[in-house]
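Asks: Residue numbers (our numbering): 4 to 618.
A virtual CB, placed ideally from N, CA and C, is assigned to each residue, including glycine.
No experiment lies behind these values; they were computed from the predicted model shown.
#1: Mind checking residue 325: buried by the 16 CB within 10 Å criterion, or exposed?
#2: Excluding sequence positions up to five away, which residues of its chain have a Cβ less than 7 angstroms from the Cβ of residue 157?
#3: In whole angstroms, what is the alpha-carbon distance linking residue 25 and residue 541?
#4: Since residue 232 is in the beta strand (DSSP E), which residue starts that stretch and which ends it?
#5: In whole angstroms, what is the alpha-carbon distance linking residue 90 and residue 120?
#6: Measuring CB atoms only, is the region 133-151 touching the region 165-176, in the sense that at least three cross pairs come out at less than 8 angstroms?
#7: Whole angstroms is fine: what's the gap from residue 202's alpha carbon to residue 479's?
#8: Alpha carbon to alpha carbon, how far is residue 469 from residue 489?
#9: Note down, in chain order, each residue of its chain lying with its Cβ closer than 7 angstroms to the Cβ of residue 69, except the 5 sequence neighbours on either side.
#10: Using a Cβ-Cβ cutoff of less than 6 angstroms, which residues in the same chain neighbour residue 123 once the five nearest sequence positions on both sides are dropped?
#11: Check whether the region 271-278 and the region 252-262 touch, using three or more Cβ-Cβ pairs below 8 angstroms as the test.
#12: Whose C-alpha, out of 413, 315 and 305, is nearest the C-alpha of residue 348?
#13: Does the region 352-365 come within contact of the region 431-446, defined as at least 3 CB pairs closer than 8 angstroms?
#14: Counting C-beta neighbours from all protein chains within 10 Å, is the total for residue 570 16 or more, i.e. buried, or is it exposed?
#15: Taking DSSP as the reference, what is the three-state secondary structure of residue 11?
#16: In whole angstroms, what separates the C-alpha of residue 34 from that of residue 368?
#17: I'd like the span of the alpha helix (DSSP H) that includes residue 112, first residue to last.
#18: For my contact list, residue 312 and residue 50 are in at a C-beta cut-off of 8 angstroms; report their separation, rounded to the angstrom.
#19: Is the beta carbon of residue 139 closer than 8 angstroms to that of residue 329?
#20: Identify which residue in 454, 189, 482 and 443 has its Cα closest to the Cα of residue 233.
#21: Check whether the Cβ atoms of residue 605 and residue 598 lie closer than 8 angstroms to each other.
#22: Report buried or exposed for residue 576, applying the criterion of at least 16 other Cβ atoms within 10 angstroms of its Cβ.
#23: Out of 564, 209 and 556, which one is the CA nearest neighbour of residue 511?
#24: Are the beta-carbon atoms belonging to residue 42 and residue 321 less than 8 angstroms from one another?
#25: Quick check: the Cα distance between residue 493 and residue 301, rounded to an integer number of angstroms?
#26: From the DSSP output, in three-state form, read off residue 42 for me.
#27: Give the DSSP-derived three-state secondary structure of residue 211 in the structure shown.
#28: Please list the terminal residues of the continuous alpha helix (DSSP H) segment that includes residue 70.
#29: Which same chain residues, not among the five before or five after residue 31, have their C-beta less than 7 angstroms away from its C-beta?
#30: Short check: CB of residue 95 to CB of residue 483, under 8 angstroms?
#31: Use the C-beta contact count for residue 611: other C-beta atoms within 10 angstroms, 16 or more gives buried, fewer gives exposed.
#32: How long is the line joining the alpha carbons of residue 592 and residue 453, rounded to whole angstroms?
#33: Indicate whether the contact test is met: 3 or more Cβ pairs, each with one atom in the region 217-227 and one in the region 236-253, closer than 8 angstroms.
#34: Would you kindly work out how many angstroms separate the C-alpha atoms of residue 221 and residue 125, rounded to a whole number?
#35: Taking just the CA atoms, how far does residue 534 sit from residue 357?
#36: Exposed or buried, which one is residue 526 when buried takes at least 16 other CB atoms within 10 Å?
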C-alpha cells in the first residue's frame with residue numbers, strides 16, 4: 004500500500020509539472036537544445052525528440068549507466084539483479100529492438116542482439132544522446148524502439164584537463180574513473196580508465212541471508228586520437244576495451260553457482276574531409292566479442308566459449324546549403340562467429356541509403372530518407388523515414404515523424420547449435436510519433452504520442468519435439484504517450500532546477516490483446532536539484548508500475564510496482580584549479596523491497612561516498 008500510494012502521488016506531481024528529473028544541476032537540458040558530434044544524428048532527426056546528457060552530467064554521476072539512464076529517461080531497464088545483466092528498452096519494445104550506437108556505429112551484440120548496460124563502462128565517453136523512435140534508415144538493425152548514442156568529443160583547443168572520480172560505498176562497492184584530455188592546434192588525445200567492482204552481498208528483504216554469488220569486477224580502457232592534417236582533412240581513431248568478470252547471482256543457496264567472463268574490443272578509424280558545402284566521412288571499424296560461461300565456478304576449467312568478429316565499412320557523402328541537406332550513406336559489414344554453442348558461420352550485409360532535408364522557410368523543416376539492405380542470409384524490406392518540424396511561434400513547435408524499421412536475426416537465432424533457423428525473416432515495424440513542445444521563459448514542457456506496428460517478431464518456442472527454436476510468430480502493437488517538463492531559476496547565490504518525465508505505454512500482442520512481458524504501463528522519474536554557493540543537494544525519485552511475467556498476463560505472476568527515493572549532498576572544497584568536491588548519496592532511503600525481474604531481488608538502503616578532482 005505504501006508503494007502504491009507513493010507511485011500515485013508521484014504520477015500526480017508529474018502531471019502537475021511540479022517534479023524534477025535530473026541528478027545534478029548541470030544535467031538539466033532544454034528539450035530542443037541538442038549539440039551532437041554525430042552529424043547524421045544532428046542533421047537527420049527531424050520530427051523526433053532527442054535528449055542529451057553531456058560530459059558534466061557523466062562526470063558527476065555514478066559509473067553505472069543503468070542508474071544514470073533509468074533515473075533520467077523513460078527507458079525501461081530489465082535488471083537480473085544489481086550488477087547483473089541490464090538491458091534497455093524503449094516504448095514497449097524489447098532490448099533487441101533498442102540500438103546502441105558508439106560514435107556512429109551500431110554495437111549491439113551479434114549473439115543476442117542487445118546491449119548489457121552494466122558492462123557499458125566507457126572511460127572516454129563525453130556525451131549520451133537518447134533518441135526514442137525508429138532510426139533504422141541510418142543505424143540499421145535494432146533501431147525499432149529507439150537508439151542510445153555514446154559519443155566521444157575530440158577538440159583542438161590547446162588545453163590539458165585531468166578528471167578523477169572515485170565512489171566507495173556499501174557492499175564494498177568501488178567505482179573509479181580517470182580521464183585525460185590533451186589538445187594542441189593539430190592533435191587531440193582523450194585517454195581514460197574505469198573500474199567498477201562490488202562484493203554485491205546485500206541483505207535480502209524478508210530473508211535471513213544475503214545475496215549469494217553476486218560479486219563482480221569490471222574494467223575498461225579507452226583511447227581516442229584526432230589529427231588535424233589541414234583545414235580540410237581530419238583523422239580520428241577511437242578504441243575501447245572492456246574486461247568483465249562477474250559471478251551470476253543465484254535464487255536459492257542450493258543453486259549451482261555460475262560465472263560469466265567477457266572481453267569486448269571496439270575500434271574505429273575515421274577520415275573526414277570538408278570542402279565548401281561538401282563533407283565526406285569514411286569509417287572503418289572492428290568489433291570483437293569474446294565471452295566465457297562457467298556453469299559451475301568450482302569447476303572453472305569447464306566452460307563454454309564463443310567469439311564474434313565484426314568488420315565495418317561506412318561511407319557518407321553530404322552536401323549542405325542554406326535550404327537543403329543531401330546525404331548518401333553506404334555500409335558494407337561482415338560478421339563472423341564461432342564457438343562451443345554456435346555453428347561457425349558468417350553474415351555479410353551491404354546497405355545503401357539516401358537522405359534529404361529541406362528548410363522550407365524559417366519555421367518549417369521537412370525530411371525524407373530511404374534505405375535498402377542486401378544480405379546473404381535474409382531479404383530486407385525497403386526502409387523509409389519522413390519527418391517534419393514546424394514552429395508556430397516562439398512558444399510552441401510541433402514535430403511529426405513516421406518510419407519503417409527492422410531487426411535482423413542474431414547469430415543465436417541463426418546458428419545456435421541444432422536449434423538455429425537460417426530461414427528467419429527480419430522483424431519489421433511501422434512507427435509514427437507526434438510531438439508538441441511549449442516554452443515560456445525558463446519553463447518548458449513537451450508531450451509526444453507514439454504508435455508502433457511490429458510484424459514477424461522473433462520468439463524462441465518449443466517445436467513438436469520439445470526443442471526450443473526461434474520462429475517469426477508475434478504480431479505486436481505498442482502505443483502511448485510521453486511527457487517531459489523542466490524549469491530553472493537563479494537568484495543571488497541560489498540556483499534551483501527541476502525536470503519531470505512520465506511515460507504511459509501499452510505493448511500488446513495483436514492476436515491475444517495481452518500486454519508483453521516486462522513492459523510497465525507506467526514509469527515516472529523526478530528529481531529536485533538545489534545549489535547554494537559551495538553546497539549542492541539533490542533528491543531523486545523513480546516509480547515503475549507492475550509488470551507481467553507470463554505471456555498470458557496471469558494476475559498472480561507479476562513483479563510488483565515500486566517507488567525509490569535517493570538523496571545526495573555535495574560540497575566544493577576548491578572552486579579553482581584544482582576543483583575538488585566531496586559528497587555522499589543515500590540510495591533507496593525508505594529501504595523499499597523491489598525487484599526488476601522475477602525472483603531477482605535488488606538492494607535495500609545503501610550508501611556511497613564520492614570524491615571528484617579536476618585540474
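Replies: Let me spell this out:
#1: As a position in the chain shown, residue 325 is number 322, starting the count at 1. Exposed, because fewer than 16 other Cβ atoms sit within 10 Å of the Cβ of residue 325.
#2: Walking along the chain shown from the start, residue 157 turns up at place 154. Hits under 7 angstroms: 191, 193, 227, 229 and 239.
#3: Position 22 of the chain shown holds residue 25. Position 538 of the chain shown holds residue 541. Residue placement at residue 25 is flagged as unreliable, the pLDDT there being 34, under the threshold of 50; the coordinate-derived value follows with that caveat. Cα to Cα, residue 25 sits roughly 9 angstroms from residue 541.
#4: Stepping through the chain shown from its first residue, residue 232 is reached at position 229. Counting along the chain, residue 232 falls outside any beta strand (DSSP E), and DSSP gives it neither H nor E.
#5: As a first step, residue 90 is located in the chain shown; it is residue number 87 there, counting from the start. As a first step, residue 120 is located in the chain shown; it is residue number 117 there, counting from the start. C-alpha separation (whole angstroms): 6 angstroms.
#6: no
#7: The count along the chain shown starts at 1 and reaches residue 202 at position 199. The count along the chain shown starts at 1 and reaches residue 479 at position 476. In a straight line, the C-alpha of residue 202 is about 40 angstroms away from that of residue 479.
#8: Within the chain shown, numbered from 1, the residue matching residue 469 stands at position 466. Within the chain shown, numbered from 1, the residue matching residue 489 stands at position 486. Near 53 angstroms, if we compare the C-alpha coordinates of residue 489 and residue 469.
#9: By 1-based counting over the chain shown, the position of residue 69 is 66. Correct list, in chain order: 80, 82, 89, 120 and 121.
#10: By one-based count along the chain shown, residue 123 stands at place 120. The answer, listed in chain order, is 68.
#11: no
#12: On the chain shown, residue 348 is found 345 positions in, with the first residue counted as 1. Answer by Cα proximity: 413.
#13: no
#14: Counting from 1 along the chain shown, the entry for residue 570 is found at position 567. Looking at its Cβ environment, which holds fewer than 16 other Cβ atoms inside 10 Å, residue 570 is exposed.
#15: On the chain shown, position 8 is the one that residue 11 refers to. Only weak support exists for where residue 11 lies, its pLDDT of 40 falling under 50; the value from the coordinates is given anyway. Correct three-state label for residue 11: helix.
#16: On the chain shown, position 31 is the one that residue 34 refers to. On the chain shown, position 365 is the one that residue 368 refers to. Bear in mind that the predicted position of residue 34 carries a pLDDT of just 35, short of 50, making it unreliable; the figure below should be weighed with that in mind. So the two alpha carbons sit approximately 18 angstroms from each other.
#17: In the chain shown, residue 112 corresponds to position 109, counting from 1. Bounds of any alpha helix (DSSP H) do not take in residue 112, whose DSSP letter is neither H nor E.
#18: Along the chain shown, one-based indexing puts residue 312 at 309. Along the chain shown, one-based indexing puts residue 50 at 47. That pair is no contact at about 36 angstroms.
#19: On the chain shown, residue 329 is found 326 positions in, with the first residue counted as 1. On the chain shown, residue 139 is found 136 positions in, with the first residue counted as 1. Going by C-beta atoms, residue 329 is not nearer than 8 angstroms to residue 139.
#20: Walking along the chain shown from the start, residue 233 turns up at place 230. For the residues 454, 189, 482 and 443, the minimum Cα distance to residue 233 belongs to 189.
#21: Taking the chain shown and counting its residues from 1, the one referred to as residue 605 is at position 602. Taking the chain shown and counting its residues from 1, the one referred to as residue 598 is at position 595. Contact: yes.
#22: Looking up residue 576 in the chain shown gives position 573. Exposed is the call here.
#23: The sequence position of residue 511 within the chain shown is 508, counting from 1. Nearest C-alpha to residue 511: 556.
#24: As a working note, residue 42 is residue 39 in the chain shown. As a working note, residue 321 is residue 318 in the chain shown. The answer is yes: Cβ separation under 8 angstroms.
#25: By one-based count along the chain shown, residue 493 stands at place 490. By one-based count along the chain shown, residue 301 stands at place 298. Between residue 493 and residue 301, the C-alpha separation is close to 59 angstroms.
#26: Here residue 42 is taken as the residue at index 39 of the chain shown, counted from 1. In this structure, residue 42 counts as helix in the three-state DSSP scheme.
#27: Counting from 1 along the chain shown, the entry for residue 211 is found at position 208. Here residue 211 sits in coil by DSSP.
#28: Counting from 1 along the chain shown, the entry for residue 70 is found at position 67. Here the alpha helix (DSSP H) through residue 70 covers 68-73.
#29: Walking along the chain shown from the start, residue 31 turns up at place 28. Note that residue 31 scores 34 on pLDDT, short of 50, meaning its location in the model is unreliable; the coordinates nonetheless yield the value given after this. So the list reads 25, 489, 491, 500 and 502, once near-sequence residues are dropped.
#30: Within the chain shown, the letter at position 92 stands for residue 95. Within the chain shown, the letter at position 480 stands for residue 483. Going by C-beta atoms, residue 95 is nearer than 8 angstroms to residue 483.
#31: The residue given as residue 611 occupies position 608 in the chain shown. The residue is buried, with at least 16 neighbouring Cβ atoms inside 10 Å.
#32: Numbered from its first residue, the chain shown carries residue 592 at position 589. Numbered from its first residue, the chain shown carries residue 453 at position 450. Approximately 35 angstroms, taken between the alpha carbons.
#33: Between the region 217-227 and the region 236-253, the count of Cβ pairs shorter than 8 angstroms is three or higher; the stretches touch.
#34: Stepping through the chain shown from its first residue, residue 221 is reached at position 218. Stepping through the chain shown from its first residue, residue 125 is reached at position 122. Computed Cα separation, rounded: 11 angstroms.
#35: Position 354 of the chain shown, counted from the start, is the residue given in the question as residue 357. Position 531 of the chain shown, counted from the start, is the residue given in the question as residue 534. Straight-line Cα distance between these residues: approximately 47 angstroms.
#36: Taking the chain shown and counting its residues from 1, one reaches residue 526 at position 523. Classification of residue 526: buried, given that the 10 Å Cβ count is 16 or more.
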